[in-house]
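Residue numbers (the working numbering): 2 to 401. Here the structure comes first, spelled out in structure tokens, and everything after it is commentary.
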Amino acid sequence: MFTSRTTIPDSLVEAVSTRERVKGVPHDFYRYPARFPPAFAREVIQAFTSPGDLVFDPFCGGGTTLVEAISLGRRAAGMDISSLATFLARAKTTPISVHDKRAIGTWLDDLETTELQRSFNSHEIVDAETQYYLRNLPDEARTFFFWVLEHLSLLPKLRQQRFVRLILLGVGQWGLDCKTRVPTASEFKTEFCRRLREAVSEFFSFISDVATTNDLPRHRLSSLRRIINRSSEQCNDDGRIPESWLPIKLVLTSPPYPGVHVVYHRWQIMGRKETPVPFWLANQLDGAGESHYLLGPRDEDELTTYYSRLLSVFSSIKSLLDKDSLVVQLVAFSDPEWQLPAYLETMKKAGFAEVKADCRTKNKIEGRIWREVPGRKWYANKQGDISPSKEVMLLHKLAE
Ligand SMILES: C[S@@+](CC[C@H](N)C(=O)[O-])C[C@H]1O[C@@H](n2cnc3c(N)ncnc32)[C@H](O)[C@@H]1O
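In structure tokens:
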């Protein structure tokens with residue numbers, strides 16, 4: 002049971018403060034915006050759970066928490082309102098077999114020798130729905146994506162196709178998102194073939210290690226995690242997290258940040274033109290506006306919608322926890338001066354009590370550890386004393 006303070010191991014203090022860029026398989030297959038450093042997720046899971054415990058991320062994004070939890074022998078559940086996020090989290094935690102690895106390798110050999118065609122019929126004639134997803138997409142990227150997707154159906158298994166789509170998303174992001182020069186179709190092809198060849202063998206090793214840690218055959222690994230595409234509001238009604246897995250031992254998450262503009266669901270091409278093409282590549286439906294993914298409009302006075310939806314999420318999580326559960330969050334603010342107190346008040350209203358960090362670090366202010374986020378480039382509305390390039394680690398337990 003937690004008291005009002007808890008000891009933070011040195012390795013976790015170091016991981017919170019790390020300025021290292023995210024790397025490692027499968028995290029680096031796709032750079033999900035505002036994702037956790039995997040080392041941070043790993044240290045938190047190790048510090049506060051044991052093998053077999055359930056770790057839950059109600060805003061799971063690209064699945065950092067889930068990947069780290071299952072690779073440490075824990076059970077994992079994740080929810081996200083974005084079907085792109087749950088696609089990524091699922092693809093990164095779905096095992097592939099020796100047969101899948103071989104099938105993808107052979108498919109890639111064939112693809113490499115196939116000429117990149119520039120004028121498919123399907124390239125020109127696309128239905129209205131597809132047009133929506135291809136908005137603002139440069140021609141070279143369009144040619145390349147059609148070429149890969151036309152060949153995708155030659156892979157017999159859905160999980161094989163899903164893995165290829167995951168790597169395709171990473172390549173699309175590499176070539177398009179926040180870039181000023183778009184690669185040619187053949188540059189896309191070269192990058193895609195190189196990445197897929199490397200990724201499939203690295204991912205197979207990763208899956209084999211996870212299987213060994215969990216003492217399970219590879220094909221049973223999906224049974225260690227649940228990934229659910231829905232809003233986490235009223236999440237205790239869902240029923241898809243098995244009763245026998247409860248209570249949740251650790252909630253480890255990063256919600257959308259108050260007042261901070263992060264583009265989770267689009268790529269920004271040539272400056273600020275946005276495209277929903279990642280959903281099309283993932284074969285998922287999109288159709289919601291930015292505020293849907295940000296817990297509310299970011300320019301609303303006092304962020305009323307944001308805090309009331311946050312309250313609804315944490316109030317509903319409460320019934321899935323017990324007195325030994327801990328909630329660990331990493332949060333940034335566009336204006337921490339008033340948003341942090343409002344955030345803490347919301348947690349209190351939801352039935353949580355703050356746990357302060359016991360450790361030695363110069364990054365601690367009032368019992369909370371702050372971290373500087375490297376390479377952060379988003380737009381805050383205002384800037385307070387603590388800039389939005391800083392995140393804070395918040396710890397909570399159920400209030401008595
Ligand atoms: C900061 S990101 C999480 C990143 C994640 N920690 C990672 O490492 O990839 C926040 C996520 O919250 C999701 N989200 C926003 N509103 C939500 C809601 N009501 N329910 C569930 N997820 C939501 C967004 O789609 C986004 O993926």
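Virtual Cβ for every residue (Gly too), placed ideally from N, Cα, C. Quantities reported herein were computed from a predicted structural model and do not represent experimental measurements.
Q.
Strictly under 8 Å for the Cβ-Cβ distance: is T115 near chain B by that measure?
A. No chain B is present in this structure, which holds just one protein chain.
Q.
Taking 8 Å as the limit between beta carbons, can you name the residues of its chain near L135, skipping five residues before and five after?
A. Within the sequence shown, residue 135 is the residue found at index 134, counting from 1. Counting only Cβ-Cβ distances below 8 Å, and skipping sequence neighbours, we find V127, R143, T276, V278 and W281.
**Q.** Simplified DSSP state of R6, which is helix, strand or coil
**A.** Residue numbering aside, residue 6 sits at position 5 when the sequence shown is read from its first letter. Note: R6 maps to strand in three-state DSSP.
Q: Assign H100 to one of two classes, buried (16 or more other C-beta atoms within 10 Å of its C-beta) or exposed (fewer than that).
A: As a working note, residue 100 is residue 99 in the sequence shown. Taking all protein chains shown into account, H100 has fewer than 16 neighbouring C-beta atoms within 10 Å of its C-beta and is therefore exposed.
Q | Close beta carbons around C179, own chain, < 6 Å, minus the five adjacent residues each side | A | Here residue 179 refers to the residue found at position 178 when the sequence shown is read from its first residue. So the list reads Q269, once near-sequence residues are dropped.
**Q.** Proximal residues to K190 (C-beta, below 7 Å), its chain only, five neighbours per side dropped
**A.** Translated into positions along the sequence shown, residue 190 becomes position 189. Same-chain partners within the cutoff: L117 and F145.
(Q) Can you check which of these residues, D54, T87 and S5, is closest to L286 by C-alpha distance? (A) As a first step, residue 286 is located in the sequence shown; it is residue number 285 there, counting from the start. Shortest Cα-Cα distance from L286 to any of D54, T87 and S5 involves T87.
Q: Report whether the distance from the Cβ of L296 to the nearest heavy atom of ligand 1 is below 7 Å.
A: Mapped onto the sequence shown, residue 296 falls at position 295. In terms of side-chain proximity, the C-beta atom of L296 is found nearer than 7 Å to a non-hydrogen atom of ligand 1.
Q | Cβ-based burial, Q235 [other Cβ within 10 Å; buried from 16] | A | In the sequence shown, counting from the first residue as 1, residue 235 sits at position 234. Q235 sits exposed, since fewer than 16 C-beta atoms from the chains shown fall within 10 Å of its C-beta.
Q) CB-CB under 7 Å to R219, same chain, minus the five flanking residues each way: which ones, in chain order? A) Taking the first residue of the sequence shown as 1, we reach residue 219 at position 218. Listed in chain order, the non-local C-beta contacts of R219 below 7 Å within the same chain comprise P96, S98, I208, S209 and A212, local neighbours out to five positions each way being set aside.
Q. For T347 versus Y294, is the C-beta spacing smaller than 8 Å?
A. In the sequence shown, counting from the first residue as 1, residue 347 sits at position 346. In the sequence shown, counting from the first residue as 1, residue 294 sits at position 293. If you check the CB distance, T347 and Y294 do not come in under 8 Å.
Q | Secondary structure of L251, DSSP reduced to three states | A | To locate residue 251, count along the sequence shown from 1; it is residue 250. The answer is strand: DSSP assigns L251 an E or B state.
Q. Opposite I270 in the DSSP bridges: which residues?
A. To locate residue 270, count along the sequence shown from 1; it is residue 269. Beta-bridge pairing by DSSP links I270 to K180 and K274.
Q: Kindly identify the DSSP beta-bridge partner or partners of R226.
A: As a working note, residue 226 is residue 225 in the sequence shown. In the DSSP output, where bridge partners are listed per residue, R226 has A77.
Q: With K158 as the anchor, note down where its beta strand (DSSP E) starts and where it stops.
A: Here the question's residue 158 lines up with position 157 in the sequence shown. Here K158 belongs to no beta strand (DSSP E), and DSSP marks it neither H nor E.
Q | Which of helix, strand or coil DSSP assigns to R372 | A | Counting from one through the sequence shown, the residue named residue 372 turns up at place 371. Strand at R372.
Q | Rounded separation between K398 and L327 - CA only | A | Here residue 398 corresponds to residue number 397 of the sequence shown, with the count starting at 1. Here residue 327 corresponds to residue number 326 of the sequence shown, with the count starting at 1. Straight through space, the alpha carbons of L327 and K398 are spaced by roughly 5 Å.
Q | I242 beta carbon less than 8 Å from that of A90 | A | Indexing the sequence shown from 1 puts residue 90 at position 89. Indexing the sequence shown from 1 puts residue 242 at position 241. Not closer than 8 Å, so no.
Q.
Would you say the beta carbon of T181 is closer than 7 Å to some non-hydrogen atom of ligand 1?
A. Within the sequence shown, residue 181 is the residue found at index 180, counting from 1. No; taking the cut-off as 7 Å, the Cβ of T181 has no heavy atom of ligand 1 nearer than that.
Q. Once you ignore the five residues that flank G74 on each side, which residues in its own chain have a CB closer than 6 Å to its CB?
A. Taking the sequence shown and counting its residues from 1, one reaches residue 74 at position 73. P52, T214 and N215.
Q) Would the stretch 16-34 and the stretch 152-160 be scored as touching if the rule is three or more Cβ pairs under 8 Å? A) With the cut-off at 8 Å, the stretch 16-34 and the stretch 152-160 do not touch.
**Q.** Buried or exposed (CB count within 10 angstroms, at least 16 for buried), R299
**A.** Here residue 299 refers to the residue found at position 298 of the sequence shown. With at least 16 other beta carbons inside 10 angstroms of its own, R299 counts as buried.
Q.
Which same chain residues end up closer than 6 Å to V201 when comparing Cβ atoms and leaving out the 5 residues on each side of it in sequence?
A. Start at 1 with the first residue of the sequence shown, and residue 201 comes out as number 200. Excluding sequence neighbours, V201 sits near K102 and I105.
Q.
Does E401 pass the burial test, meaning 16 or more other C-beta atoms within 10 Å, or should it be called exposed?
A. The count along the sequence shown starts at 1 and reaches residue 401 at position 400. Looking at its Cβ environment, which holds fewer than 16 other Cβ atoms inside 10 Å, E401 is exposed.
Q: Find out if the Cβ-Cβ distance for the pair M2, D325 is shorter than 8 Å.
A: Taking the sequence shown and counting its residues from 1, the one referred to as residue 2 is at position 1. Taking the sequence shown and counting its residues from 1, the one referred to as residue 325 is at position 324. Yes.
Q) Hey, would you say S84 sits closer than 8 Å to N230, going by beta carbons? A) For this step, residue 84 is matched to residue 83 along the sequence shown. For this step, residue 230 is matched to residue 229 along the sequence shown. With contacts defined as CB atoms closer than 8 Å, S84 and N230 qualify as a contacting pair.
Q | beta-carbon I242 near ligand 1 non-hydrogen atom, thresh 7 Å | A | Numbered from 1 along the sequence shown, position 241 holds the residue referred to as residue 242. Because no heavy atom of ligand 1 lies under 7 Å away, the Cβ of I242 does not count as near it: no.
Q: Mind checking who A354 pairs with in its DSSP beta bridge?
A: For the purposes of this step, residue 354 is taken as residue 353 along the sequence shown, with counting starting at 1. Note: A354 sits in a beta bridge opposite K398.
Q) For the candidate residues Y33, R182 and A77, whose alpha-carbon lies nearest to that of G272? A) As a position in the sequence shown, residue 272 is number 271, starting the count at 1. Of the listed residues, the one whose Cα sits closest to G272 is R182.
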